[in-house]
Amino acid sequence: MPSPGPDGIDIGPGLGPAADAGRRPGLDRLLSRLRHIVGDAHVVTDPDAMAGFLIDWTGRHRGQADAVLRPRTTDEVSRAVVECAEVDAEICAQGGNTGLVGGSVPPSDRAGSRPRIVISTARMTDIDDVDVIGRCVGVQAGATVEAIDARAGAVGLAFGVDLASRHSATAGGVVATNAGGIRMIRRGNTRAQVLGIEAVLADGRILRRWTSLVKDNVGYDLPGLLTGSEGTLAVITRVLFRLVVPPRASIVAVAAIDRVADAVELIGTAASRGLTVEAAELMTEAGIALVAAHGHRRPTAASGPFYVLLEVSGPGDVESAAVELLQGAGGLIDAVLEPGPARALWGAREAHTETIARSSVTPVVKLDISVPIRALAEVFDELGAVGDRNDSPCRPVLFGHVGDGNIHVNLLDVPPDRVDDLTDRVFGIVTAHGGSISAEHGIGRAKVAWTHLGREAADLATMRAIKGALDPRGVLNPGVLFA
Ligand SMILES: Cc1cc2nc3c(=O)[nH]c(=O)nc-3n(C[C@H](O)[C@H](O)[C@H](O)COP(=O)(O)OP(=O)(O)OC[C@H]3O[C@@H](n4cnc5c(N)ncnc54)[C@H](O)[C@@H]3O)c2cc1C
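Taking my numbering as reference, the numbering of the sequence shown is continuous, increasing by one, and the terminal residue is 483.
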């Protein structure tokens, strides 16, 4: 067994097949059957080759598995899952492994005797031709957000989901987490983009709900159910995504401002003046100083305690409308404006997650919360002060999708034995203001102890009943969502 790490998470040398692998009945036969299905090269058991699949993006969560399987087709996934079911093997589906809550890697302990397989969608990257009239596209689960958007862009359309992890995050991953991202304020979350889904159930059967019909009310919304299921109900193999018409022209502005309330007001004013808010992001001086120290350009010449990034589009002269908007903005310290996509202006915002991860001496405690917009300013103040107490000192860096009331709370340099205490404190603030403990990253393994803060007893029982019905042996991503 690996040794417990400083933060209580197993980090020992045991990445990869555990020393007691021989005690797992049926494992050798399972591996040989899996090799027959996907080919020797795609059943990875070498510990070094498996290592990258067994540690999550944050570095907090490390898991153990007997093999990583890299299928190419839905049929291969289905046949592999049938074999896994025969020996009760646990399955962790993995896309780009950019998830931030530990759900993309298997558990760190090997308490039971069940074999454990990671199913990576890395080779399932096909993207169909875009249906331009129906404005949709079918993709395999491993296609990245960037690749889907590029395919849509080639015919003048766009993918409604975008996030800073776009180069690696996959269709299966954004669906399984119901990702939000920077276009959420305009396009809705991933669930709003899903028209159809194909997935392999725990017994290997293929569930297919695949129709581009906008109106189709035959029974339960199964694609909607699998969206946000974090690998606990099925392995998603293909998705039929709705595509959107991108704005003809947009303007990106970054403004240094005095107060969070000024940002909220600016978004409201933009909308009331007929501008369409395509994205609205809030940052603090702590975050901007950190990314500037790592070589990113400061967006504005003068600093402010807060920065708001607004991307707006609209009819007529958007640039003049944006200039007028900023001139009338309350609490304005400085502002800069460029025609979209203005990647350089977005740079400082998009560098936050990676820079923060590199700037903490312990794995960053990442909490992704949302609160009613009216409470945003107060919650920002309270969250900014969570590290002030002597018993749990830490450096908070807050940023987020301000138009959605979503704050990414990053606590740096948290002493390992204070992680739970600080998480409790943050979630206490959030629930006191009627917010959610998971705005967009999901529950994964990281927040499983706090799920009850977000859902009532009957609600949790209903979710467990659904899990029990679709995965009665509890083999799909055990330990994620439910303890
Ligand atoms: C720099 C950075 C920025 C980010 N910004 C955002 C953001 O703005 N908004 C946001 O919501 N998230 C954001 N994230 C988090 C992350 O990118 C998303 O959660 C994303 O949806 C994960 O996709 P993935 O393919 O990497 O999934 P993974 O990390 O591989 O998996 C995530 C979860 O989905 C499950 N899963 C993956 N593929 C499948 C499948 N085929 N079938 C069933 N289950 C599956 C896994 O089991 C796991 O539970 C960010 C991450 C980083 C590193």
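Virtual Cβ for every residue (Gly too), placed ideally from N, Cα, C.
> Using the rule of at least 16 other Cβ atoms within 10 Å of the residue's Cβ for burial, across every protein chain shown, is D272 buried or exposed?
Replying inline: First, the amino acid is wrong: residue 272 is Ser here, not Asp. It is exposed - the Cβ of S272 has fewer than 16 other Cβ atoms within 10 Å.
>> Distance check for M124 and S392, CA to CA, integer angstroms please.
In response: 44 Å
> So the alpha helix (DSSP H) P47 belongs to, where does it begin and stop?
Replying inline: 47 to 51
>> Strictly by DSSP, which residues pair up with A93?
In response: I119
> Roughly how many whole angstroms lie between the Cα atoms of E146 and V371?
Replying inline: 29 Å
> Candidates N97, S113, I37, R242: which alpha carbon is nearest L27's?
Replying inline: S113
> Ordered along the chain, which non-local residues of its own chain (more than five positions away) have a Cβ less than 7 Å from that of A321?
Replying inline: R273, L275, G314
> Candidates A279, R248, G479, D109: which alpha carbon is nearest E485's?
Replying inline: Here the chain comprises residues numbered 1 to 483, so residue 485 is not present and cannot be evaluated.
>> Is W210 near ligand 1 - that is, is its Cβ less than 6 Å away from at least one heavy atom of it?
In response: no
> Residue ranges of each alpha helix (DSSP H) run of no fewer than 4 residues wholly in the region 331 to 414, ordered along the chain?
Replying inline: 343 to 350, 352 to 358, 376 to 384
> With a CB to CB cut of under 6 Å and the five nearest residues on each side skipped, what residues in its chain are close to V81?
Replying inline: Correct list, in chain order: V200, G204.
>> I'd like the list of long-range same chain contacts for A331, defined as Cβ closer than 6 Å, with 5 residues on each side in sequence excluded.
In response: Sequence check: residue 331 is Gly here, not Ala. The residues are I257, D258, R259, D262.
> Helix or strand or just coil, what does DSSP make of V277?
Replying inline: strand
>> Could you compute how far the alpha carbon of L240 sits from the alpha carbon of G99?
In response: Inter-residue distance for L240 and G99 is about 22 Å (C-alpha atoms, whole angstroms).
> Since L69 is in the beta strand (DSSP E), which residue starts that stretch and which ends it?
Replying inline: Note, L69: beta strand (DSSP E), 67 to 69.
> Taking the C-alpha atoms as reference points, what is the distance between T181 and P341?
Replying inline: Thr is not the amino acid found at residue 181; the sequence shown has Gly there. Distance between the alpha carbons of G181 and P341: 16 Å.
> Candidates V68, T58, V409: which alpha carbon is nearest A41's?
Replying inline: V68
> In terms of DSSP beta bridges, what is F306 paired with?
Replying inline: I257, T284
>> Among the candidates T58, V38, V43, whose CA atom is the shortest distance from the CA of T355?
In response: T58
>> Please report the straight-line C-alpha distance between G5 and G102, rounded to a whole angstrom.
In response: Low per-residue confidence applies at G5: pLDDT is 31, beneath 50, and the placement is therefore not dependable enough to give any value.
>> Nearer than 6 Å: is that true of the beta carbon of T121 relative to any heavy atom of ligand 1?
In response: yes
>> Can you tell me which residues form a DSSP beta bridge with E198?
In response: R208, R238
> DSSP state of R62, grouped into three classes?
Replying inline: Strand.
> By how many angstroms is the C-alpha of L30 removed from the C-alpha of V87?
Replying inline: The C-alpha of L30 is placed about 8 Å away from the C-alpha of V87.
> Any idea if G219 is buried or exposed, counting beta-carbon neighbours within 10 angstroms, 16 or more meaning buried?
Replying inline: By the 10 Å Cβ count, G219 comes out exposed.
> My guess is that V130 and V155 are in contact by the Cβ rule of under 8 Å, so how many angstroms apart are they, rounded?
Replying inline: 5 Å
>> According to DSSP, simplified to helix, strand and coil, what is V77?
In response: The three-state secondary structure of V77, taken from DSSP, is helix.
>> Once the 5 residues before and after P478 are set aside, which same chain residues still bring their CB inside 8 Å of it?
In response: E90, P107
> Can you give the beta carbon distance from C84 to V105, rounded, assuming they're within the 8 Å contact cut?
Replying inline: That pair is no contact at about 17 Å.
>> Mapping the DSSP letters down to three states, classify E440 as helix, strand or coil.
In response: coil
> What are the partner residues of E311, as DSSP defines its beta bridges?
Replying inline: Residue pairing by DSSP places E311 opposite V252, A279 in a beta bridge.
> What is the DSSP secondary structure of I55, reduced to helix, strand or coil?
Replying inline: strand
> Thinking C-beta only, is I206 closer than 7 Å to S78?
Replying inline: yes
> In the structure shown, what three-state DSSP assignment does T497 receive?
Replying inline: Residue 497 is absent from the structure shown; the chain starts at 1 and stops at 483.
> Skipping 5 residues on each side, what residues in its chain have a beta carbon closer than 6 Å to that of I37?
Replying inline: These residues qualify, in order along the chain: E76, R79, A80.
> Does the beta carbon of S165 fall short of 6 Å from some heavy atom of ligand 1?
Replying inline: yes
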